[in-house]
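Beneath this line is the structure, given in structure tokens, with notes to follow.
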Amino acid sequence: MTPQRSAFVASLQEGAAGGLAKRVPRLLLGLVAVLAVLAGCATPPAERPPLRLTILHTNDHHGRFWPNADGEYGMAARKTAIDRVRAEVAAAGGQLLLLDGGDINTGVPESDLQDAEPDFLGMNLLGYDASAVGNHEFDKPPAVLAKQRQWARFAFLSANIYKDGQRMFEPYRVFERGGYKIAVLGLTTDDTQKMVLPDNIRGIEFRKPIPEAAKLLPELRAKADMVIAATHMGHYTDGRRGVNAPGDVELARQVHIDGRGLDLIVGGHSQSPVCMLTENVRNDAYQPGGPCGPDRQNGTWIVQAHEWGKYVGRADFEVRAGDIRLLRYQLIPINMVRRAADGSKALATEAIAQDPAVRAALQPFQDQGQLALNVPVGQTIGVFDGDRVRVRQQPTNLGILLARAMLQRTDADLAVMNAGGIRDSLPEGRITYRDLLKVQPFANQVAVVTLTGRELLDWLGSAAKMTPGAGGFAQTVGVQMRIEGGVLKEARVQGRPIDPQRTYRLAINHFTATGGDGYPRLETHPGYINTGLNDADVLREYIAARSPLKAADYMPGDDVQRK
Ligand SMILES: [Zn+2]
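Okay, structure coming up:
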């Protein structure tokens with residue numbers, strides 16, 4: 006038995022005994038029964054047979070309607086996996102709900118360029134019952150979101166988003182399954198306010214989700230046998246959330262009435278497989294196919310299925326009046342590949358065929374997406390130099406352009422772009438999205454991290470060590486450095502000395518933040534925020550807003566001096 010397995014079993018056993026019965030003394034339950042009889046219930050309602058309820062869940066789909074080059078994920082294979090579970094559950098007399106934790110939008114150009122229409126269509130075809138509204142649903146202008154709400158044939162839920170004093174979305178929906186009522190409440194991180202363009206959320210207010218949930222819980226308890234929150238708030242292990250707004254752990258800990266909180270939180274936003282090794286210790290090295298024990302806080306189960314439809318989470322419950330038990334939990338990998346240290350790849354579990362009808366319905370969108378990559382996004386005057394040898398030796402105008410686009414989008418003080426992420430030059434003249442994907446083909450996400458001056462100096466010290474010729478060679482904006490023999494001698498931000506006491510916002514990409522090209526890891530830093538924005542898309546927006554772009558305006562000055 007692996008340590009993961011034993012922790013998983015232990016948490017499930019705790020779950021089996023952790024229903025209402027455990028917390029309410031038996032004497033009191035007996036008293037309630039006696040009072041019911043005294044109150045004159047001549048014919049007590051027939052005992053409902055317990056409900057076998059399977060919750061399937063995904064989150065942070067981010068435009069991944071189509072499989073990647075390795076055949077991983079994609080909605081057609083996801084459909085096959087879901088249908089298999091549906092058939093199995095139905096044969097055993099059970100019931101099912103299919104839920105999503107939000108962020109349907111943003112991530113791959115083929116989806117982004119079509120306003121995520123294939124993704125909403127796919128969710129309809131897969132039979133989603135409900136989804137939380139994620140922060141990335143506000144990446145596009147309000148008209149696009151309005152269109153998407155028309156497309157969605159599932160409940161698109163958020164209780165804490167208000168427009169002109171009224172809730173903008175349906176706050177919750179009550180589903181009837183096998184004679185039981187299951188309430189699904191939607192919640193959205195209040196960080197949305199600072200993650201999206203102000204123009205897209207004019208007049209919209211993101212209230213704190215936890216007080217909103219606390220306010221609604223009595224109403225939901227009165228209406229339903231089981232209360233689920235579909236949230237887009239993030240899972241922060243043991244509530245260690247750093248600069249992020251409170252997430253699912255805090256929600257579970259803070260929201261309860263009469264000792265009973267939410268029964269289940271189907272989360273998203275942190276894009277984590279929520280698989281616990283032991284109490285308050287998450288397995289951050291989770292591998293596809295491994296056992297997964299969800300988090301449990303204050304009697305509330307918390308699940309999250311990583312991102313992009315890489316997994317479908319499956320939680321099998323037994324529901325009785327006042328008693329919810331989790332019987333089994335797993336993450337079903339959707340054609341996920343395990344990569345060995347030697348670079349070899351193998352499917353983590355058996356291959357899942359693509360559902361032909363879903364594949365056929367999505368194919369025209371994939372084709373259209375490919376064509377849309379040839380549409381001009383802007384114009385350049387002069388060449389932006391991405392020559393492999395030069396960008397790894399010295400600052401170039403393309404390195405500066407990429408860093409400036411990241412800096413501008415994240416409102417950072419400084420930005421660092423690893424030269425290894427720059428794969429081609431940007432030609433003079435008409436620029437298409439395809440040109441941008443040649444420069445940045447990795448679909449990296451742009452991130453921003455808040456560091457103290459002391460931490461920033463340490464980090465810049467590591468950046469200074471990246472020798473010319475290495476992929477880690479730093480293309481920078483907003484920072485002035487004097488480097489001698491790979492040692493940082495002096496650093497300034499925006500021309501001013503770095504104050505060890507103050508904090509600075511550093512824009513980088515997720516690859517660099519996870520240790521890519523030899524950089525120190527930042528993605529576990531409490532000040533780290535992965536914006537989820539695709540790097541090429543950030544560049545596209547930047548160019549489109551400033552076209553024609555003059556190469557001469559991006560010439561490197563003497564910000565970085567090396568000896
Ligand atoms: Zn999110």
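Per my numbering, the sequence shown starts with residue 6, numbered consecutively. Quick reminder that beta carbons are idealized off the backbone N, C-alpha and C, glycines included.
(message) Need the endpoints of the alpha helix (DSSP H) that glutamate 284 sits in, please.
(response) Sequence index remark: in the sequence shown, residue 284 carries index 279 (1-based). Where glutamate 284 is concerned, there is no enclosing alpha helix (DSSP H), given that its DSSP letter is neither H nor E.
(message) For the region 98 to 106 against the region 130 to 137, do three or more pairs of beta-carbon atoms, one drawn from each stretch, fall closer than 8 Å, so that the two count as touching?
(response) yes
(message) Quick check: the Cα distance between cysteine 280 and leucine 150, rounded to an integer number of angstroms?
(response) Within the sequence shown, the letter at position 275 stands for residue 280. Within the sequence shown, the letter at position 145 stands for residue 150. Rounded to whole angstroms, cysteine 280 to leucine 150 spans 32 Å at the Cα level.
(request) May I ask you to report which of helix, strand or coil DSSP gives alanine 512? (result) By 1-based counting over the sequence shown, the position of residue 512 is 507. Collapsing the DSSP output to three states places alanine 512 in a strand.
(request) From the DSSP output, read off the bridge partner residues of aspartate 420. (result) As a first step, residue 420 is located in the sequence shown; it is residue number 415 there, counting from the start. Checking the displayed sequence, the identity of residue 420 turns out to be alanine instead of aspartate. Per the DSSP secondary-structure output, alanine 420 pairs in a beta bridge with Val482 and Ala512.
(request) Report the residue from Val444, Met486 and Phe70 whose alpha carbon sits nearest the alpha carbon of lysine 568. (result) Position 563 of the sequence shown holds residue 568. Among Val444, Met486 and Phe70, the Cα nearest to that of lysine 568 is on Met486.
(message) For a test of your reading of the model: does the CB of glycine 537 fall under 7 Å from any non-hydrogen atom of ligand 1? Yes or no.
(response) Residue mapping note: residue 537 aligns to position 532 of the sequence shown, counting from 1. Correct: glycine 537 has its Cβ closer than 7 Å to ligand 1.
(message) Beta-carbon within less than 8 Å of alanine 353's beta-carbon, same chain only, minus the 5 sequence neighbours each way: which residues are those?
(response) In the sequence shown, residue 353 corresponds to position 348, counting from 1. Excluding positions up to five away in sequence, the list reads Gln292, Pro293, Gly294, Pro338, Met341, Val342 and Arg343.
(message) If I follow the unbroken beta strand (DSSP E) through methionine 625, where does it start and stop?
(response) Outside the shown range of the chain (6 to 568) lies residue 625, about which nothing can therefore be said.
(request) Pull up the distance between the alpha-carbon of glycine 391 and that of aspartate 429, whole angstroms please. (result) Against the sequence shown, residue 391 aligns to sequence position 386. Against the sequence shown, residue 429 aligns to sequence position 424. Their backbone Cα atoms lie some 5 Å apart in a straight line.
(message) Going by beta-carbon coordinates alone, are aspartate 300 and histidine 240 separated by less than 8 Å?
(response) Walking along the sequence shown from the start, residue 300 turns up at place 295. Walking along the sequence shown from the start, residue 240 turns up at place 235. Yes, the Cβ-Cβ distance between aspartate 300 and histidine 240 is below 8 Å.
(request) Check whether the Cβ of aspartate 124 lies closer than 7 Å to any heavy atom of ligand 1, and answer yes or no. (result) As a first step, residue 124 must be located in the sequence shown, where it is residue number 119. No, the beta carbon of aspartate 124 sits no closer than 7 Å to any heavy atom of ligand 1.
(message) In whole angstroms, give me the CA-to-CA distance for alanine 557 and glutamate 122.
(response) Taking the first residue of the sequence shown as position 1, residue 557 is located at position 552. Taking the first residue of the sequence shown as position 1, residue 122 is located at position 117. When rounded, the distance between both Cα atoms is 39 Å.
(message) Is threonine 139 near ligand 1 - that is, is its Cβ less than 7 Å away from at least one heavy atom of it?
(response) Here residue 139 is taken as the residue at index 134 of the sequence shown, counted from 1. The sequence as given places glycine at residue 139; threonine does not occur at that position. Answer for glycine 139: yes, Cβ within range of ligand 1.
(request) Just tell me which of His66, Trp71 and Ala86 has its CA closest to the CA of glutamate 355. (result) Counted from its first residue, the sequence shown places residue 355 at position 350. Comparing Cα-Cα distances from glutamate 355 to each of His66, Trp71 and Ala86, the minimum goes to Ala86.
(message) Between which residues of its own chain and glycine 404 is the CB-CB distance below 7 Å, once the five residues before and five after are set aside?
(response) Taking the sequence shown and counting its residues from 1, one reaches residue 404 at position 399. So the qualifying residues of the chain are Val396, Met422, Ala424, Ile427 and Gln480.
(message) Check this for me: beta carbons of leucine 538 and threonine 242, under 8 Å apart or not?
(response) Counting from 1 along the sequence shown, the entry for residue 538 is found at position 533. Counting from 1 along the sequence shown, the entry for residue 242 is found at position 237. Taking 8 Å as the Cβ cut-off, leucine 538 and threonine 242 do not qualify as a contacting pair.
(request) Confirm the yes/no value for this check: CB of aspartate 522, any heavy atom of ligand 1, distance under 7 Å. (result) Along the sequence shown, one-based indexing puts residue 522 at 517. No, Cβ of aspartate 522 sits at least 7 Å from all heavy atoms of ligand 1.
(request) Inspect the CB distances between the region 428 to 446 and the region 483 to 500 and report whether three or more fall short of 8 Å. (result) no
(request) Taking the CB atoms as reference points, tell me whether isoleucine 534 and valine 254 lie closer together than 8 Å. (result) Your numbering for residue 534 matches position 529 in the sequence shown. Your numbering for residue 254 matches position 249 in the sequence shown. Contact flag unset, no.
(message) Is it buried or exposed, asparagine 165, if we count other Cβ atoms within 10 angstroms and call 16 or more buried?
(response) Stepping through the sequence shown from its first residue, residue 165 is reached at position 160. By the 10 Å Cβ count, asparagine 165 comes out buried.
(request) Taking only the alpha-carbon atoms, compute the straight-line gap between arginine 158 and methionine 80 and give it to the nearest angstrom. (result) Indexing the sequence shown from 1 puts residue 158 at position 153. Indexing the sequence shown from 1 puts residue 80 at position 75. Taking the straight line from one Cα to the other gives about 16 Å.
(request) Would you check if the distance between the CB atom of valine 138 and the CB atom of phenylalanine 174 is smaller than 8 Å? (result) Counting from 1 along the sequence shown, the entry for residue 138 is found at position 133. Counting from 1 along the sequence shown, the entry for residue 174 is found at position 169. In this structure, phenylalanine 174 lies closer than 8 Å to valine 138 by Cβ.
(request) Please go through the region 54 to 112 and give each complete beta strand (DSSP E) segment of 3 or more residues, from N-terminal end onward. (result) 56 to 63 and 100 to 105
(message) What would DSSP say about methionine 560, mapped onto helix, strand or coil?
(response) The residue you call residue 560 lines up with position 555 of the sequence shown. Of the three classes helix, strand and coil, the one that applies to methionine 560 here is coil, per DSSP.
(request) Compare the C-alpha of glutamate 217 against each of Asp117, Ala227 and Asp195 and name the closest. (result) As a working mapping, residue 217 is identified with position 212 in the sequence shown. For glutamate 217, the nearest C-alpha among the options comes from Asp195.
(request) Between the Cα of glutamine 259 and those of Arg287, Leu221, Pro278 and Ile215, spot the shortest distance and give me the residue it belongs to. (result) For the purposes of this step, residue 259 is taken as residue 254 along the sequence shown, with counting starting at 1. For glutamine 259, the nearest C-alpha among the options comes from Ile215.
(message) Following a CB-centred definition, is aspartate 117 positioned closer than 7 Å to any heavy atom of ligand 1?
(response) In the sequence shown, the residue the question calls residue 117 occupies position 112. No, the Cβ of aspartate 117 stays beyond 7 Å of every heavy atom of ligand 1.
(request) Evaluate lysine 145 with the Cβ neighbour count: other Cβ atoms within 10 Å of its Cβ, from every protein chain shown; 16 or more gives buried, anything less gives exposed. (result) Taking the first residue of the sequence shown as 1, we reach residue 145 at position 140. Buried.
(message) Can you tell me whether histidine 66 sits near ligand 2, meaning its C-beta is under 7 Å from at least one heavy atom of the ligand?
(response) Of the ligands one can find in the structure shown, namely ligand 1, none is ligand 2.
(message) Whether or not the region 542 to 558 and the region 523 to 533 are in contact is what I'm after, with contact meaning three or more pairs of Cβ atoms, one per stretch, closer than 8 Å; do they touch?
(response) Counting C-beta pairs with one atom in each stretch, the region 523 to 533 and the region 542 to 558 have fewer than three that are closer than 8 Å, which means they do not touch.
(message) For a test of the three-state rule: what should DSSP assign to histidine 311, helix, strand or coil?
(response) As a first step, residue 311 is located in the sequence shown; it is residue number 306 there, counting from the start. Coil, per DSSP.
(message) Within 10 Å of its beta-carbon, does glycine 35 have 16 or more other beta-carbons around it, so buried, or fewer, so exposed?
(response) Sequence index remark: in the sequence shown, residue 35 carries index 30 (1-based). Residue placement at glycine 35 cannot be trusted, given a pLDDT of 44 that sits under 50; the coordinates are not used to answer.
(message) Can you tell me whether glutamate 489 is buried or exposed? The criterion is at least 16 other CB atoms within 10 Å of its CB, across all chains shown.
(response) Indexing the sequence shown from 1 puts residue 489 at position 484. Counting Cβ neighbours within 10 Å, glutamate 489 comes out exposed, since fewer than 16 surround it.
(message) Based on DSSP bridge pairs, tell me the residues matched to phenylalanine 159.
(response) By one-based count along the sequence shown, residue 159 stands at place 154. In the DSSP secondary-structure assignment, phenylalanine 159 is not bridged to any residue.
(request) Measuring alpha carbon to alpha carbon, tell me which of Leu202, Gly374 and Arg182 ends up nearest aspartate 120. (result) Walking along the sequence shown from the start, residue 120 turns up at place 115. Nearest option by C-alpha distance: Gly374.
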